[in-house]
Each structure stands twice: as structure tokens, then as C-alpha cells.
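Written out as C-alpha cells, the structure reads:
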């Protein structure tokens, strides 16, 4: 009614000014898919976990935390996942520092991408042969006189540990390498010009710049190791020391058909992951954060 | 570089290479064991088998119905690749070109399925799929595999699209190209290299995706890697060589695609998502 004002622009134009136009809508199908197949199942699982068979609200969680066969899986999984992740990281850092200067990086990175691509199931089958009592590894150990009896390397904690190193180390290494190559070499050269030795350059220049990347690498490596499933069954002792939390969740869902308890275990698993990841990232925040490139040329 | 290095540094370098060498030798020996065993007549308590034969491949082919398994595997994998391209690339384009309210939340939505391990969300997802009747079917397996595949395509494609100059699209518009012609003649050729890399990575990852397929597959919708798991799990029922022959078939199907993929992508891209090619 008020002619003095210019009429408000059409809805479409106002939305476009906010960045919502036809192009933005292209994001919708993918977003809906993830909501339907990831967010909804997760929320449904959370809801289901509070509706156990016995009708109480916290029945599943009470059951989980009172049965050592169930709550013990958290400790067993952490006891596998944390040492493996730290070991992989400790191995990956020095090797990545060496490889960074190599010209034929691609050959090495290609070899290391093999176990990741082949996957845990194939690694498990290979390890059963190779690390078994009659396998080449034990033959070599005995021929070299390092041990008189075959080492017991499969169907126990060691077997799962080795398999997590075989698939986890290349993953960690490639991630560290990609973070390391993202650091501008100019910074290191500047330190070298000013007379810093290798150790000092590592300690004062590269390591602080690498710490944020290492934090992320630790989290991703840990998440993978914590969710270990096929190798814990095939290479471990799934009823004993390598009864990891994903085995407990799988058994509840597909052997006892108690989806409610299985969902509760999956939620506990997600919570433990969240706690560790948040802890790792807050440690990371204590260190330097900022650009890893040089200033003006 | 320096002309003479101190002894400690040389010892350190040697140690690094010895550890790397040890890892690689064992890796190859482990793969070699599987291949050797699959061609062995009888292999007990010796370095090498008593004799060589190819018969295990024939028996594995029959026992595990490998032709059916391979068909199912490729149907699942190609459906996942096609659907994740169809959903992921447009979404990546929108996220790369537009700033809109709630963009952070949308990005988080696509990041989470890559951070949360498949076993954790696979169990609630399998529950939902079984309740809706999709559990155990091919559609269910494809749907489950899309959860990590679509975000992966999006996160690989975003930096790739960002580096394409928007002025090119504007120029095409100025010269009167319709959206369709803009897409076919301008965007598609520019996006092709990045899309190819992203989709090949999805392909390799889906062939090897064990957990999600394992949790959602029924008897008729098993892929090769799940069947391999069951074979190893029930070891003792069948000859080791037969399982190993199947493992070699699985290895070959994965490796062929890996070699194709490596022509287009850097191995570090197999684990990291967004690494711009060259700037």
C-alpha cells in the first residue's frame, strides 16, 4: 500500500541473494541420501537402543556395563587399537621424512597402497598362510636360528596386531607424507641457512607444523583400528583376547537377533571413538596452528 | 646437500630403510604365499610345494560359483559408481560454487560418513534396511555402499571444481549457451579428469568394501570379498588351495582396477581426499 517504498524483490531473488538458487539445489539429492541412509539409521539406532526387549529404558546399557563379556570388549579393543595407532605413527614419521626427498616416491607409494586396496580379508588369508607354523616367515626364522620352535603369530593378539600394522601403516604413512609435502620447503631451507642442523630443523620447524596433520592422522588411524572386525575374527581369538567391540555388536545383531542391544553397542562404540577423537584434537590444539607455507617469497 | 653426514645420522637413515625394506619384503612374501599356494598340488612342511597345478582354479570356480559372484560384484560396483557420480558431482559443483547459509552443516553431513567407521553405522543401517525389506537384497547392498561413496566423490571433486575458473562458464553464458549446452560442451570436458579419478577410487574402494556389504548382503547379493571372508571363516571345510585360488581371483579383480586408477591418480589420493593437482 505504501508506494513510497520500492516493492520487495521476489522471493526467488531474495533467496538468490542469500546464495540459494537452482545450482545450490543440486546439493539436495546427495544430502537427502545421506540423511536417509546415515543420519536416520543412526538416530533410529539411538532410539532403538533405549527400547530393549525387557521394556526398560536403560536395559541395554545396564546389561552392557554389567556383563564383563560385553564391557570387557571396550578395553580389549582399546588395548589393540591404541598401541597399533601409535606404532604406525612412530614408524610412518621418520620414513615419510626420508621418502619426501626421494625422486621415485611413486614406486614406494604404489607398493604401500597395495595392502589398503586389497583389504583386511585378503591380508588375513595371506597372513594365515605366511605367518602360520609352516609358513615362510616361521621357516625363515627357524633357518636363521632365531627360534627353535615356530612362533605363534596367528589366532591370537599378535595376529590381529600384525594385520592392523600391515593395513594401517601404509594408510598412516601416505597420510603423513601428504601432510609433509604440504609444508613449504622454503621454511626448512631458511632454517638451514641460519645454521640449524637436521635435528634442530625437525624439532623446531617441521614437527610443530606437522602436529595438526599428525593429530588428524592419529584420529583416522585410530578409528580404523578401533573398528577392526574381519581380522579379529579370522586372525585372532574371537572368543578371548581379541573379542573386540564390533564382534560383540555383530553377534548381538546377527546371532541373537537383538537389534536393540546391537544398536546400543554401536552407540557405545561411537561414543568411545568420539571421546578419543576429541581428546586427540584438543591435545593438537595446544600446538601451533597456522599456515604451513612461507611468507612472501 | 651436506657432503659428510655424521655417523648417527647415517645409522638412522639405514635403520629407516631396513624397517621399510622388512615391511615390503614381508608384504610381497605374504602375497606370494597366496599365489604359490593356489598353484600347489600338495604343500606341507616344505619351502615350496611338491608339484604345480592349475586345477584349484577350476574347482574354486565351481565350488564358490565365481561367475555368479563376479557378476554380482560388478553389478553392485557399477551401480554404486554410476549413482555416486550422478548424486555426488552435482552436489560437489553446488558446494564449490555457492556460499549459502548452513553450508558448514552440509559439509559436516558429508564428512561424517567418511569419519565414522562402517561397522558403527553399518549395524543401525542394516537394521533399518532389514525392517524396510531391503536387507539381503542387491538394492540394499547398493544403498549401503552409497553411504561412503557419495561423500567421497563430493570431497574429491570440490577442490577440483574450485580450481576451474568460473569465468569460463560466464563466458559461455555471455555467448548464449543454454544450461544444457554449457554442461555438455564446457563443464563436462573440464570435469572429466577429476571425475574419472574420483570414480575409479570409488570403484576400487567398493570392490574391497567388506563391512557394509557383509552386514547387508543376503545369499544372492554377496560380493567377492564377502564370499572370500566366509570361505576363510569356514577354513577346513574346503582345501586351502581352493580358497587361495579364490583369493587370487579377488586380488586380480582389484589389482586390474587399481592399475587403471593409478594411471590417473597419485597413490596418496587413495587415502587422503582433497589434494589439488597443480596450482
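Protein chains in written order, with the numbering used here: chain Y, 130 to 426; chain Z, 1428 to 1706.
Just so it is clear, CB atoms sit at the ideal spot from N, CA and C, and this is done for glycine as well.
Treat the numbers as computed from the prediction; the structure is a model and nothing was measured.
Of the residues the options, the one placed nearest residue i, counting alpha carbons only
i               : options                            : result
residue 1534(Z) : 1581(Z), 1434(Z), 1693(Z), 1588(Z) : 1581(Z)
residue 1587(Z) : 1604(Z), 1614(Z), 1571(Z)          : 1614(Z)
residue 338(Y)  : 314(Y), 350(Y), 326(Y)             : 314(Y)
residue 1676(Z) : 1483(Z), 1478(Z), 1436(Z)          : 1483(Z)
residue 1621(Z) : 1515(Z), 1467(Z), 1654(Z)          : 1515(Z)
residue 243(Y)  : 1451(Z), 1439(Z), 1479(Z)          : 1451(Z)
residue 248(Y)  : 264(Y), 295(Y), 223(Y), 146(Y)     : 295(Y)
residue 1474(Z) : 261(Y), 287(Y), 392(Y)             : 261(Y)
residue 1454(Z) : 217(Y), 185(Y), 307(Y), 291(Y)     : 291(Y)
residue 1479(Z) : 1499(Z), 1641(Z), 1672(Z), 1497(Z) : 1672(Z)
residue 1436(Z) : 401(Y), 328(Y), 341(Y)             : 328(Y)
residue 1522(Z) : 160(Y), 365(Y), 386(Y), 304(Y)     : 160(Y)
residue 355(Y)  : 1543(Z), 1578(Z), 1607(Z), 1555(Z) : 1543(Z)
residue 1441(Z) : 189(Y), 342(Y), 223(Y), 194(Y)     : 223(Y)
residue 1554(Z) : 319(Y), 383(Y), 415(Y)             : 383(Y)
Euclidean distance between Cα positions of residue i and residue j
i               : j               : result
residue 1469(Z) : residue 233(Y)  : 40 Å
residue 289(Y)  : residue 1598(Z) : 57 Å
residue 144(Y)  : residue 1585(Z) : 23 Å
residue 284(Y)  : residue 1674(Z) : 20 Å
residue 412(Y)  : residue 344(Y)  : 8 Å
residue 1528(Z) : residue 165(Y)  : 21 Å
residue 1445(Z) : residue 1466(Z) : 31 Å
residue 1520(Z) : residue 1526(Z) : 12 Å
residue 389(Y)  : residue 191(Y)  : 13 Å
residue 1561(Z) : residue 1567(Z) : 5 Å
residue 1476(Z) : residue 1669(Z) : 15 Å
residue 167(Y)  : residue 1547(Z) : 11 Å
residue 1646(Z) : residue 1565(Z) : 10 Å
residue 138(Y)  : residue 1590(Z) : 33 Å
residue 370(Y)  : residue 360(Y)  : 13 Å
residue 1706(Z) : residue 1693(Z) : Residue placement at residue 1706(Z) cannot be trusted, given a pLDDT of 31 that sits under 50; the coordinates are not used to answer.
residue 447(Y)  : residue 1685(Z) : This structure cannot settle anything about residue 447(Y), because the visible part of chain Y is limited to 130 through 426.
residue 1494(Z) : residue 1651(Z) : 10 Å
residue 142(Y)  : residue 150(Y)  : 8 Å
residue 397(Y)  : residue 1539(Z) : 17 Å
residue 1616(Z) : residue 1600(Z) : 16 Å
residue 246(Y)  : residue 278(Y)  : 34 Å
residue 1498(Z) : residue 325(Y)  : 60 Å
As assigned by DSSP and simplified to three states, the class of residue i
i               : result
residue 1470(Z) : coil
residue 1644(Z) : strand
residue 1671(Z) : helix
residue 317(Y)  : helix
residue 429(Y)  : The shown model of chain Y, from 130 to 426, leaves out residue 429(Y), and the question about it has no answer.
residue 138(Y)  : coil
residue 277(Y)  : coil
residue 210(Y)  : helix
residue 385(Y)  : coil
residue 334(Y)  : helix
residue 195(Y)  : helix
residue 326(Y)  : coil
residue 1551(Z) : helix
residue 1650(Z) : coil
residue 182(Y)  : coil
residue 284(Y)  : coil
residue 310(Y)  : coil
residue 1635(Z) : helix
residue 1621(Z) : helix
DSSP bridge partner residues for residue i (one or two, in chain order)
i               : result
residue 1479(Z) : 1467(Z)
residue 1567(Z) : Residue 1567(Z) pairs with nothing; no bridge assigned.
Chain-ordered neighbours of residue i on chain C, where CB pairs are closer than 8 Å
i              : result
residue 254(Y) : Judged by its chain identifiers, the structure shown contains no chain C, and its protein chains are Y and Z.
(Q) Does the structure place the segment 1651-1668 of chain Z close enough to the segment 1476-1494 of chain Z that three or more beta carbon pairs sit under 8 Å? (A) By the C-beta criterion, the segment 1476-1494 of chain Z is judged to be in contact with the segment 1651-1668 of chain Z, since at least 3 inter-stretch pairs fall below 8 Å.
Q. Okay, do the segment 1632-1643 of chain Z and the segment 1677-1687 of chain Z touch, 3+ Cβ pairs below 8 Å being the bar?
A. Three or more beta-carbon pairs drawn from the segment 1632-1643 of chain Z and the segment 1677-1687 of chain Z are found closer than 8 Å, and the two stretches are therefore classed as touching.
Q: Give a yes or no on contact between the segment 402-412 of chain Y and the segment 337-352 of chain Y, applying the rule of three or more CB pairs nearer than 8 Å.
A: The answer is yes - the segment 337-352 of chain Y touches the segment 402-412 of chain Y, with three or more Cβ pairs under 8 Å.
(Q) Between the segment 1453-1462 of chain Z and the segment 257-268 of chain Y, can you find at least three pairs of beta-carbon atoms closer than 8 Å? (A) Counting Cβ pairs under 8 Å, three or more are found: they touch.
Q | Inter-stretch contact (C-beta, 8 Å, three-pair minimum) for the segment 363-378 of chain Y and the segment 225-240 of chain Y | A | No, the segment 363-378 of chain Y is not in contact with the segment 225-240 of chain Y.
Q. If we count Cβ pairs, one from each stretch, closer than 8 Å, do we get three or more for the segment 221-233 of chain Y versus the segment 306-313 of chain Y?
A. By the C-beta criterion, the segment 221-233 of chain Y is judged to be in contact with the segment 306-313 of chain Y, since at least 3 inter-stretch pairs fall below 8 Å.
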